[in-house]
Ligand code: 5RP
């Protein structure tokens, strides 16, 4: 692997081989998502616990201090919205030149396997990989399901992850599911897990993150279930403990509960 590519991947994936990416890119199709209305405020207390930020160029430039940041995975696909016809009809929104200018450690793009725009999104990925490899910039592929959350099963996610890896993604972001080893086992590049919409209890998150790590994931790219939580710092600390310290779900719950008490005391 070229030095630049290896160096950028090392900025993202920590020496223990694991990673906690904090995505705040949701506004690119959802607008001012709850608790991410002011992204700068949302991320301020969370940044120390994240290994990288997944973010669009607009929010990066407007809301992230260049002298107090973390490695950046630049979201470079988009062009659709939740109120539009089809979320899968994405294009590439940001050039590789811009990614270099913004000092991105990687770029991220969604692929929509099985959708009406399967071919376009996969060819976008392949083109982005060509551009990224030219400059030593890794591509993270996001196996997106749009509004069809029920697609999140091992058969579908294993298919989507493998295709993304075959087309040259250096990292794949997907969802956790039952039999997750079938997803990681069929994907020859590192896999990180997203959280999806906020769930009812923190323990559910700790359990799936732990299960996914045991089954071969290198970490998370987990947003709403961190920053939409009432105690986001406690939440990110607990998840970080699972990712980097091999904490069990019960241990993570304890970290969350004690963090929650001190966070609640803060004005
Ligand atoms: C949005 C994304 C997000 O980065 C990804 O879904 C992770 O966030 P969350 O944990 O909130 O699902 O790709 O398009």
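Residue numbers (the numbering used here): 89 to 355. Every residue, glycine too, gets a C-beta built ideally from N, C-alpha and C.
- Residue 280 and residue 308 do touch by the CB rule: their CB atoms are close to 6 Å apart, below 8 Å.
- The bridge partners DSSP lists for residue 263 are 282.
- In the same chain as residue 326, and ignoring 5 residues on each side of it, the C-beta atoms closer than 6 Å to its own belong to 340, 343 and 344, in chain order.
- Taking each of 224, 267 and 250 in turn and checking the Cα distance to residue 90, the smallest one comes out for 224.
- In this structure, 209 is the residue among 209, 124 and 140 with its C-alpha nearest to the C-alpha of residue 174.
- Within the same chain, Cβ atoms closer than 7 Å to the Cβ of residue 106 are found at 306, 307, 331 and 332, the five residues on either side in sequence being excluded.
- Distances from the CB of residue 106 to the heavy atoms of the ligand 5RP are all 7 Å or more.
- Within the same chain, and ignoring the five residues on either side of residue 273 in sequence, the residues whose Cβ sits closer than 7 Å to its Cβ are 304.
- Annotated three-state conformation of residue 142 is strand, per DSSP.
- Distances from the CB of residue 216 to the heavy atoms of the ligand 5RP are all 7 Å or more.
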